[in-house]
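Report on one structure; see the data block that follows.
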Amino acid sequence: MLADGGEVATDGVVIATGGRARRLPGTEGVEGVHTLRTLDDAVALRRDLRDGSPRVVIVGGGFIGAEVASTCRAMGLSVTVLDGLPLPLAPVLGPRIARSCVDLHAVHGTELRPGTSVSGLATVPAGDGARRVAGVELGDGTTVAADVVIVGIGIVPNTGWLDGSGLTVDNGVRTDAGMVTDLPTVVAVGDVARWSHGADARRHEHWTSAGEQAEVAAANLLAGGPGATFRPSGYVWSEQYGRMLQLAGHPSAHDRVEIVDGEPDGGRFVARYVDGEGTTTGVFAMGDPRAFGRFRRSELRRPAAAA
């Protein structure tokens with residue numbers, strides 16, 4: 001069913017509507033406040049950063065926030081990163097590896113304020129009734145001065161158009177392990193899909209996962225029934241302050257971390273995550289893509305030595 005009332009006949013539907021950047025309440029239309037999701041977002045941000053904006057505040061210390069901080073510091077700008085977690089990235093990488101990543105901020109002159117809550121924005125008149133950001137107001141009553149604010153606090157899946165469709169929508173379109181929704185001729189992939197595996201249900205917000213999901217969804221849609229199962233590789237990478245960070249597998253924050261090559265203090269190392277049964281669940285590398293590839297092939301799913 002189309003918005004103009006028309007209909008398109010189909011034997012199968014692929015939902016791949018993605019998501020949109022999550023915004024801070026009250027920031028719509030305020031000049032100098034950016035998200036980074038689309039090409040237009042990137043062009044607008046670059047224009048603002050090149051227009052004499054020395055003080056940058058980034059809300060969110062995840063991969064997007066860290067990458068933007070890295071770029072802004074390379075441009076010679078003053079950068080402050082605000083994050084609500086005591087240790088950013090810890091839920092994804094575990095505390096030991098997260099600490100190594102977070103330490104890059106201090107080494108390169110970025111001010112990181114973990115455990116910080118944001119309550120709003122300070123603005124000033126910008127002419128013709130417009131407002132421009134002048135700072136970020138924190139939960140403790142203080143304000144961090146800012147000429148540009150970048151918000152990197154995740155995405156919202158684009159599911160509003162599915163209201164009344166009969167599909168289960170809960171922080172994404174729910175699917176089974178084969179990316180099939182409640183309707184057998186409808187599949188969902190990418191950021192909008194919330195994939196179920198046993199009792200677990202999550203969205204995999206990485207483009208590698210979207211491609212892997214598409215292969216499985218297409219196979220099941222063309223076969224007319226379940227068969228193929230999505231088995232994510234869990235590969236993620238991020239480039240920060242001139243270093244490549246790479247992660248593969250599905251480590252838990254509770255897994256043991258072993259350094260298998262290099263030294264974290266030297267900014268180049270490879271580590272593996274080991275679960276309670278002694279199985280390698282993930283491989284992480286900083287600053288050494290070749291070693292990462294080697295250990296990824298040799299270590300994943302390999303039993304570790306006894307602790």
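Sequential numbering from 1 applies to the sequence shown in the UniProt record's numbering. Where a beta carbon is used, it is the ideal one built from N, C-alpha and C, also for glycine. All values derive from a computational prediction rather than experimental measurement.
By the CB criterion at 9 Å, GLY172 and ARG243 fall outside the cutoff. When the beta-carbon positions are compared, ILE97 and LEU89 come within less than 9 Å of each other. Counting along the chain, the unbroken beta strand (DSSP E) around TRP237 starts and ends at 236-240. Each residue's CA atom was taken as its position, placing SER117 and GLY52 some 27 Å apart. Relative to GLU205, the option among GLY60, ALA21, PHE269 and ASP48 whose CA is nearest is ALA21. Residue environment analysis places PRO251 among the buried positions, since at least 16 neighbouring C-beta atoms fall within 10 angstroms of its C-beta. Annotated as proximal: LEU45 and ILE150, with beta-carbon spacing under 9 Å. For GLU212, there is no enclosing beta strand (DSSP E); the enclosing alpha helix (DSSP H) covers residues 207-223. Taking C-beta atoms as the reference points, THR185 and GLY6 fail to come closer than 9 Å.
Counting C-beta pairs with one atom in each stretch, the region 133-149 and the region 25-32 have three or more that are closer than 8 Å, which means they touch.
Separation of VAL180 and GLY190 (C-alpha to C-alpha, rounded to the nearest whole angstrom) is 13 Å.
Of the other Cβ atoms in all chains shown, 16 or more fall within 10 Å of the Cβ of VAL102; this residue is therefore buried.
Within its own chain, the residues whose Cβ lies closer than 6 Å to the Cβ of ALA145, once the five positions on either side in sequence are excluded, are ARG55 and GLY135, listed in chain order. Burial state of ALA248 is buried, judged by a 10 Å Cβ sphere holding 16 or more other Cβ atoms. According to the DSSP assignment, SER70 belongs to the alpha helix (DSSP H) that extends over 63-74. Per DSSP, the unbroken beta strand (DSSP E) holding ILE150 starts and ends at 148-151. For LEU112, the three-state secondary structure derived from DSSP is strand.
Taking 9 Å as the cut-off, the beta carbon of THR110 is found closer than this to the beta carbon of VAL81.
Annotation note: the region 88-139 contains the following uninterrupted beta strand (DSSP E) runs of length 3 or greater, listed N- to C-terminal: 111-113, 118-127 and 130-138. PRO289 sits exposed, since fewer than 16 C-beta atoms from the chains shown fall within 10 Å of its C-beta.
Here VAL192 is buried: its Cβ has 16 or more other Cβ atoms, across all protein chains shown, within 10 Å.
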